[in-house]
Amino acid sequence: DRGTGIAATELALMAGAERVEGTLFGNGERTGNCDIMTMAMNLFSQGVDPELDFRDMPRIRQIAEEVTKIRVHERHPYAGDLVFTAFSGSHQDAIKKGMAVVKEDHWEVPYLPIDPADVGSSYKESVRVNSQSGKGGVGFILEQHFGISLPREMLQEFAKQVQVLTEDLDREVRRDEILQALFDTFEAQDGPYALLNYELNNAANDTLVCEGLIQVSENEVKIQGQGSGPIEAFVNAMVATLNEPLNVAAYHEHALRDGDVVGKDAQAIGIVSIEFGEGSVFGVGRSKNTVTASLLAIISAINRRWSQRL
């Protein structure tokens, strides 16, 4: 009745007890019953086989709730809806870093005492984003669910936008809303510059020539540039058009996925950081063609820089 049933039982086992009695989820005749599930999973988390099978915890919980008409609390150890969930920015960052280095044969991740998969859950659902969250949670969602890894500086900038979104909505944001917010923030295709078409051709000395047509406000402008690859050739073409220096400081490419699945018609995501004279700007582009996605990302960065100047 003092709420120490599980702790007392663990001490008894350490002292040599060979048999314990308990109730499923602690639901018994009165208060203070030892929750046999929590007891078993505590042993399991320390490498001791409790000889009880909780691999399908959601199903066990469902049956128990149907039979007893007693709801398992959302924060109940090992079985609650939120047991593997982190909202705090510092917790999310620790989980993200832990998941990046966890070894397959030895589970050791901060704030996740066991692999959620061991009880029929998923670590991908362990991080959810609300107003308490920081860049770690946002980055985790994008990486684990969509395969998008943002550069550190870009993630810091984007996390602030997500913070504003959660405060405006006054609720937790879904992962699809986070993805859309990423495009709303960095995919600037509605500025004065737009890519209409382009063509790449081989030139001398293993270089490429990029010839294309862009829209600048109400005008269509032909561009031409040369470089060692399509991105360099396009940037050189834009430099000649803008009549000012710009340089690709960073470039990243990802295949947009849904969970663990990359569809045959998956879009490529291009992410670039363009350095102008006074600083750098990130841009995002999307296309089924990886080169086109990269060039659209450059256009997005140029448009974002233009809007920041207003």
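By the numbering used here, the letter at position 127 of the sequence shown is numbered 272, and the numbering carries on one by one without gaps. From the three backbone atoms N, C-alpha and C, an ideal C-beta is built for every residue, glycine too.
Compare the beta carbon distance of residue i and residue j with 8 Å and say whether it is the shorter of the two.
i, j, result
"Ala413", "Glu398", "yes"
"Thr213", "Asn172", "yes"
"Val417", "Ala446", "yes"
"Gly415", "Ser452", "no"
"Val228", "Ile240", "no"
"Asn178", "Glu155", "no"
"Asn381", "Gln371", "yes"
"Arg431", "Glu332", "yes"
"Gln237", "Gly282", "yes"
"Gly336", "Asn448", "yes"
Whole angstroms is fine: what's the gap from residue i's alpha carbon to residue j's?
i, j, result
"Ser373", "Asn342", "20 Å"
"Thr176", "Val429", "56 Å"
"Val246", "Gly167", "37 Å"
"Gly279", "Gly292", "19 Å"
"Arg206", "Phe199", "10 Å"
"Arg147", "Arg316", "36 Å"
"Asn392", "Leu441", "15 Å"
"Met184", "His218", "17 Å"
"Met299", "Phe427", "7 Å"
"Leu353", "Ile359", "18 Å"
Apart from the five residues on each side of it in sequence, which residues of its chain come closer than 6 Å, Cβ to Cβ, to residue i?
i, result
"Phe189", "Pro195"
For residue i, list the residues DSSP reports as bridge partners.
i, result
"Ile240", "Bridge partners of Ile240: none, in fact."
"Arg431", "Ile414"
"Ser425", "Glu420"
"Val318", "Val274"
"Leu340", "Ile359"
"Lys280", "Answer is none; Lys280 lacks a bridge partner."
Which same chain residues, not among the five before or five after residue i, have their C-beta less than 7 Å away from its C-beta?
i, result
"Phe232", "Arg273, Asn275, Gln277 and Ser278"
CB-CB under 8 Å to residue i, same chain, minus the five flanking residues each way: which ones, in chain order?
i, result
"Gly265", "Arg200, Asp201, Met202, Pro203 and Arg204"
At what residue ranges does the segment 349-395 contain a whole run of the alpha helix (DSSP H), taking only runs of 4 or more? If we require 4 residues or more, the alpha helix (DSSP H) runs fully inside the segment 349-395 come out as 375-387.
Run through the segment 194-223 for me and flag every whole alpha helix (DSSP H) of 4 or more residues, listed as ranges in chain order. The alpha helix (DSSP H) runs of length 4 or more contained entirely in the segment 194-223 are, from start to end of the chain, 202-213.
What alpha helix (DSSP H) runs, 4 residues minimum, are completely inside the segment 154-192? Listed in chain order, the alpha helix (DSSP H) runs fully inside the segment 154-192 are 181-190, counting runs of at least 4 residues.
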